Amino acid sequence: MNERLLNVLRAPRISEKTARLAESNQYVFEVASTATKADVKAAIEQLFSVKVEAVNVVNAKGKTKTFRFRSGRRSDQRKAYVRLAEGQSIDVMAKA
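This is the structure we're talking about:
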């Protein structure tokens, strides 16, 4: 079960929008396409030792783009918006 939880989280999403959300104790992670809300909650609580209040999961469809007259498609993504309990935080900018 522990290996499955470690494979749920792919990477934190870093952008201006996620920086604003972090001020209100909400963080965004890219997760596996098969991950459920319960999986994401368990993985975050185990990896970062924090209390998760809520998890919202979004499927973002990949865009169709053209590069040098060739049409291509970006891959689909699954993102999890995680709200932590009051007074807790995650340092997503930390170097590995």
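Quick note: the sequence shown uses my numbering, first residue 36, plus one each step. Heads up, the beta-carbon is just placed ideally off N, CA and C, and yes, glycines get one too. Please read these numbers as outputs of a predicted model, since none were measured by experiment.
Query raised in the report: By how many angstroms is the C-alpha of residue 101 removed from the C-alpha of residue 40?
Result: 36 Å
Query raised in the report: What did DSSP end up calling residue 94 once you bin it into helix, strand or coil?
Result: strand
Query - Whole-angstrom C-beta distance between residue 43 and residue 53, which should lie under 8 Å - result: At roughly 18 Å, the Cβ-Cβ gap does not stay under 8 Å, so residue 53 and residue 43 are not in contact.
Report task. Pick out whichever of 82, 86, 112 has its Cα sitting closest to the Cα of residue 96. Result -> 112
Query - Alpha carbon of residue 88 to alpha carbon of residue 117, nearest angstrom - result: 8 Å
Query - Local conformation of residue 121 per DSSP, three classes - result: coil
Report task. Over the uninterrupted beta strand (DSSP E) stretch that includes residue 72, give me the two end residues. Result -> Per DSSP, residue 72 belongs to no beta strand (DSSP E); it is in the alpha helix (DSSP H), 72-83.
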